[in-house]
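Numbering (my numbering) for the sequence shown: 101 to 442. From the three backbone atoms N, C-alpha and C, an ideal C-beta is built for every residue, glycine too. See below for the structure under consideration.
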Amino acid sequence: MNSFDFAEVKKILSTPKDIVIFGHRNPDGDAIGSTLGLMHYLNKYGHQVKVLYPSDYPANFGWMKGLDDVIIFDHDEALAARAIQKAEVAFFLDFNTLDRIDKMGEMVSEVDCVKINIDHHLDPDYFADYLWWNHEASSTCEMVYKFITELGDEDKIDKTIGECLFTGLITDTGSFKFSTNPDVYRICGNLKEIGVDDRLIQQRLFQNLDEKHLRILGQSLAHRMQIFPEYRTGLIYLSRKDFDLYNIQRGDTEGIVNYLLSLKDVRMAIFVTQQPNIIKLSLRSKGAFSVQEIATKYFNGGGHLNASGGYQHAGLGKTLDKIKAILPEYKEQLNDDSLFPE
Ligand SMILES: [Mn+2]
């Protein structure tokens with residue numbers, strides 16, 4: 101944890117201000133939960149708060165309070181621009197480089213406002229006036245809980261804020277399967293005590309699929325999965341044709357990559373999708389093997405040790421070839437049992 105002047109930030113927030121809170125492109129449960137949770141908290145102090153995402157959110161988060169008022173840059177650039185120009189304070193949650201919010205990154209960097217970055221990803225850019233960065237935190241939602249607590253306002257965390265923060269805690273830990281620490285369980289205990297219905301939230305998040313989601317999963321596992329035993333690696337790819345055939349929309353392929361890691365012999369999972377203009381990659385790993393390194397070195401991306409993403413401008417076939425060409429470089433590490441304690 102780096103030093104972060106909570107007293108100074110508290111002072112800045114002590115009088116009502118125009119505040120924008122940014123979540124990253126393709127916001128996930130942690131991005132949505134942390135931005136909305138912080139918004140509900142700041143609203144209690146009479147601030148004018150706007151939450152902004154570059155692109156739309158997945159439908160299974162639609163129940164979250166405040167989501168209807170989020171400004172989606174892709175849908176209304178002018179509205180986003182107006183909110184950004186008015187901002188006196190800008191929060192950047194769950195990402196650490198301005199390119200994660202596309203054009204809004206340039207827009208906000210030209211505005212003279214206090215910039216506060218709270219995040220748990222590796223390798224932050226130092227663009228903000230205040231950076232609170234802890235890559236050992238499970239989630240940005242965990243950090244927002246602690247942020248509010250550090251400001252002396254733990255008692256202001258109500259059920260609405262709690263539902264938002266619980267959402268990020270459970271999604272970023274894969275339902276408490278990884279990235280956990282003692283505080284995760286303490287915070288969830290506290291949230292349950294103030295009335296957060298953990299069972300209901302899980303139902304809304306994870307038992308909310310449409311038929312096509314299982315069909316897409318079926319297609320992925322039956323026809324688009326490749327296993328490379330010598331590299332302990334699994335790969336799933338979806339082509340443009342698959343996207344058309346199954347009417348795949350943003351968010352519909354969420355979580356498919358994790359099925360590869362459920363295989364006992366697979367240590368690295370790669371999920372490749374052919375988007376309209378780019379090829380997108382999601383990488384996952386077990387143990388101490390870093391997919392972050394691969395994402396950064398070869399695929400214009402980054403993220404966490406065990407979960408990273410990237411993209412390519414080349415075609416699908418070329419991207420798959422590139423992946424296969426890279427695997428030998430990591431053969432030794434992927435077969436090194438000491439990196440994968442059991
Ligand atoms: Mn996160």
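In the structure shown, aspartate 118 falls within a strand segment according to DSSP collapsed to helix, strand and coil. Every unbroken stretch of the alpha helix (DSSP H) spanning 4 or more residues and falling wholly within the stretch 347-378 is given here in chain order: 356-361.
Cβ contact annotation for threonine 260 (same chain, cutoff 7 Å, sequence separation greater than five): His140 and Lys165, in chain order.
Fewer than three beta-carbon pairs drawn from the stretch 358-365 and the stretch 388-403 are found closer than 8 Å, and the two stretches are therefore not classed as touching. Taking the Cβ of alanine 131 as the reference point, at least one heavy atom of ligand 1 falls within a distance shorter than 8 Å. Pairwise C-beta distances place the stretch 316-326 out of contact with the stretch 261-278, as fewer than three of them are shorter than 8 Å. Closest in alpha carbon position to isoleucine 132, among Pro158, His147, Thr115 and Pro116, is Pro158.
Distance from the C-beta of aspartate 421 to the nearest heavy atom of ligand 1 is not below 8 Å.
DSSP assignment within the stretch 246-304 yields the following whole alpha helix (DSSP H) runs of 4 residues or more, N-terminal first: 259-272 and 282-293. In this structure, ligand 1 has no non-hydrogen atom nearer than 8 Å to the beta-carbon of threonine 333. Taking 8 Å as the cut-off, one finds at least one heavy atom of ligand 1 near enough to the beta carbon of serine 239. By the C-beta density criterion, isoleucine 270 is buried, having at least 16 other C-beta atoms within 10 angstroms. The beta carbon of glutamate 188 is closer than 8 Å to those of Lys117, Asp118, Ile119, Cys213 and Val214 in its chain, skipping five residues each way along the sequence. Nearest to glutamine 433 by C-alpha distance, out of Gly387, Gly402, Ile423 and Val109, is Gly387. Within a 10 Å sphere around the beta-carbon of glutamate 263 sit 16 or more other beta-carbons, which makes this residue buried.
In this structure, the alpha-carbon of aspartate 253 lies about 11 Å from that of leucine 142.
Considered as a whole, the stretch 316-352 harbours 340-345 as its complete alpha helix (DSSP H) runs of no fewer than 4 residues, in chain order. Taking lysine 144 as the centre and dropping the five residues before and after it, the same chain places the C-beta of Lys256 closer than 7 Å to its C-beta, in chain order.
Annotation for aspartate 365: Pro329 and Arg332 place their beta carbon closer than 7 Å to its own, counting only its chain and skipping 5 residues before and after. Contact check for leucine 335 and valine 372: beta-carbon distance about 7 Å, within the 8 Å limit, so the pair qualifies. Short of 7 Å from the beta carbon of leucine 291, and not among the five residues preceding or following it, lie these beta carbons of its own chain, in chain order: Gly262, Leu265 and Phe266. CA-to-CA, the gap between glutamine 148 and glycine 402 works out to about 33 Å. Segment contact: the stretch 191-200 against the stretch 227-241, three or more CB-CB distances shorter than 8 Å; contact assigned. The three-state reading of DSSP puts lysine 386 in coil, since its state is none of H, G, I, E or B. Between ligand 1 and glycine 205, a heavy atom-to-CB distance of less than 8 Å is absent. Proximity of the beta carbon of glycine 137 to ligand 1 is not indicated: no heavy atom of the ligand is located closer than 8 Å. Between the beta-carbon of asparagine 347 and that of lysine 312 there is about 7 Å, and that keeps the pair under the 8 Å contact cut.
At a threshold of 8 Å, glycine 410 does not count as near ligand 1, since its beta carbon sits no closer than that to any of the ligand's heavy atoms. Within the DSSP bridge table, the entry for lysine 150 names Val120 as partners. Counting the other Cβ atoms within 10 Å of the Cβ of isoleucine 294 gives fewer than 16, which makes it exposed.
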